[in-house]
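Some notes on the structure that comes next.
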Amino acid sequence: MKPLVDTPTPIEMPKSPPVVETFDLGKFYRTGFWMNQKIESLKSCTLSVCEGETFGLLGQNGAGKTTLLKTLLGIVKPTSGRALLLGKPLGDRAVKQRVGYLPENPYFYDYLTGWEFLQFVAGLFQIPVSVQRQRIPHLLDLVGLAQSAATKKQLRQYSKGMLQRIGMAQALINNPEVVFLDEPMSGLDPMGRYQMREIILSLKSQGKTIFFNSHILSDVEKICDRVAILAKGELICMGAIDQLLGNTKTYRVQGKGGHLNILQKWIPDLEVDNDLWYGHLQGEPKDFVATVSRTGGQLIGMNLAKPSLEEFFMQQLEERGIYPTFRRCDRPIEYF
Ligand SMILES: Nc1ncnc2c1ncn2[C@@H]1O[C@H](COP(=O)(O)OP(=O)(O)OP(=O)(O)O)[C@@H](O)[C@H]1O
Ligand SMILES: [Mg+2]
-14 MKPLVDTPTP
-4 IEMPKSPPVV
6 ETFDLGKFYR
16 TGFWMNQKIE
26 SLKSCTLSVC
36 EGETFGLLGQ
46 NGAGKTTLLK
56 TLLGIVKPTS
66 GRALLLGKPL
76 GDRAVKQRVG
86 YLPENPYFYD
96 YLTGWEFLQF
106 VAGLFQIPVS
116 VQRQRIPHLL
126 DLVGLAQSAA
136 TKKQLRQYSK
146 GMLQRIGMAQ
156 ALINNPEVVF
166 LDEPMSGLDP
176 MGRYQMREII
186 LSLKSQGKTI
196 FFNSHILSDV
206 EKICDRVAIL
216 AKGELICMGA
226 IDQLLGNTKT
236 YRVQGKGGHL
246 NILQKWIPDL
256 EVDNDLWYGH
266 LQGEPKDFVA
276 TVSRTGGQLI
286 GMNLAKPSLE
296 EFFMQQLEER
306 GIYPTFRRCD
316 RPIEYF
């Protein structure tokens, strides 16, 4: 099957100005004792994210999502191509003031309290103390961290979810225009995930641009305007969720009567239950409807079978020959 959406075209882009633009961006890491082995983590990646968009980057473990984020933030240097962030080349210091970042594995100073940590980060952005006094409690409320925990507990005593929340608070301390979030839902309980989604939506309503990586496709489906899928460092598709999921013109049909032999040609996965038949249509719907009535059948239902983002994601990977690497374990694990 042909890819549903190929590389982005100018027609596809929303009208607001681009905040992130990459042009054939590539990155390989050198590894090994002699640094003579190359790991190509990002291959010729071209994308554009516009102001006010919520953009989700999906991909398997090791697909290159974090590498792309780190490259955009100037943490790692690209080995080919170029990119612009807020209209400036990567690494621009003034741009860093306008950007927020929640790393995938943030490093925290164990012996600081959450409050002290936020004061420290605010200091890096040269935020006046009077502003800090108002902003820190507000951010703690926003991310759902009790002020008592933030002032009394050291970060080494925080749970995974509490650390994720304080990480989100520090990403927003400078009131950024663009927020990069590397797996913001990681480690959160269902309430925390809901809260994180609400935070992202409220940032969006303030006109901020959000670029985030996630494995939780149901969350991505709920909050993103556009998504892109990375596979082995390559962007394999990109577009608005409705456009991606709606493009699969597969209909699920249900009916009764008619010639099953003829119907089978239209419905390869035809199943019959008493006098009802159903399955997925392959072919032109108009011609199919005509065939059913010509052969004396009756069509009961025909609905667009819209896949979930998860089904779409799996389908995209499978079309490129990427299958799950696990083997179903049907016998006890052998210990030696
Ligand atoms: N500093 C590094 N040195 C060498 N290889 C690296 C380095 N960082 C990442 N890689 C490699 O680059 C590839 C992409 O890694 P990356 O962390 O970007 O993936 P990811 O999509 O974020 O994965 P995950 O979903 O597990 O976070 C992997 O093969 C990884 O081993
Ligand atoms: Mg990652």
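Quick note, the sequence shown lines up with residues -14 to 321 if you use the numbering used here. Just so it is clear, CB atoms sit at the ideal spot from N, CA and C, and this is done for glycine as well.
In this structure, what does DSSP give as the bridge partners for residue i?
i    : result
C35  : P3
Q139 : T98
G11  : S65
D167 : N198
How is residue i classed by DSSP in three states: helix, strand or coil?
i      : result
N288   : strand
W262   : strand
N21    : coil
T194   : strand
I318   : coil
T16    : strand
F298   : helix
E256   : strand
G242   : strand
L(-11) : Residue placement at L(-11) cannot be trusted, given a pLDDT of 41 that sits under 50; what the coordinates show is reported in the next sentence. L(-11): coil per DSSP, three-state reduction.
Q267   : coil
L27    : strand
I(-4)  : Only weak support is given to the placement of I(-4): the predicted model assigns it a pLDDT of 45, under 50, and the value that follows is read from those uncertain coordinates. In the structure shown, I(-4) sits in a helix (DSSP, three-state: H, G or I).
L42    : strand
Q283   : strand
I307   : coil
F110   : coil
L103   : helix
E162   : coil
G129   : coil
D210   : coil
K154   : Residue identity differs from the one stated: residue 154 is Ala in this sequence, not Lys. In the structure shown, A154 sits in a helix (DSSP, three-state: H, G or I).
S144   : coil
L124   : helix
I60    : coil
G172   : coil
Since residue i and residue j should fall inside the 8 angstroms C-beta cutoff, what is the C-beta to C-beta distance between them, to a whole number of angstroms?
i    : j    : result
W395 : E256 : Shown here, the chain extends from -14 to 321; a query on residue 395 therefore has no answer.
L58  : Y86  : 6 angstroms
V326 : F165 : There is no way to answer for residue 326, as the model of the chain reaches only from -14 to 321.
I285 : K241 : 7 angstroms
G177 : G129 : 7 angstroms
V4   : L71  : 6 angstroms
Y94  : L140 : 6 angstroms
K291 : G231 : 6 angstroms
I247 : T280 : 6 angstroms
T56  : K12  : 6 angstroms
M170 : M181 : 6 angstroms
V205 : L43  : 7 angstroms
I201 : Q301 : Actually they are not in contact, since the Cβ atoms of I201 and Q301 sit about 17 angstroms apart, beyond 8 angstroms.
I208 : L186 : 6 angstroms
F8   : A79  : At roughly 21 angstroms, the Cβ-Cβ gap does not stay under 8 angstroms, so F8 and A79 are not in contact.
Are the C-beta atoms of residue i and some chain C residue less than 8 angstroms apart?
i    : result
I247 : The displayed structure is made up of one protein chain only, and chain C is not part of it.
- Message: I'd like the ranges of any alpha helix (DSSP H) spanning at least 4 consecutive residues and lying wholly in the stretch 212 to 236.
- Response: 226 to 231
- Query: Is it a yes or a no for the stretch 215 to 224 touching the stretch 13 to 30, going by three-plus beta-carbon pairs under 8 angstroms?
  - Reply: yes
- Starting from the N-terminal side, write out each stretch of the alpha helix (DSSP H) that is 4 residues or longer and does not extend beyond the stretch 66 to 90. 78 to 81
- Query: If we count Cβ pairs, one from each stretch, closer than 8 angstroms, do we get three or more for the stretch 44 to 62 versus the stretch 113 to 122?
  - Reply: no
- Message: Assess contact between the stretch 31 to 40 and the stretch 185 to 197, defined as three or more Cβ pairs (one per stretch) separated by less than 8 angstroms. Is contact present?
- Response: yes
- Message: Quick check: the stretch 148 to 160 against the stretch 94 to 110, are at least 3 beta-carbon pairs closer than 8 angstroms?
- Response: yes
- Decide yes or no for the touch test of the stretch 94 to 103 against the stretch 133 to 151: beta carbon pairs closer than 8 angstroms, at least 3 of them. yes
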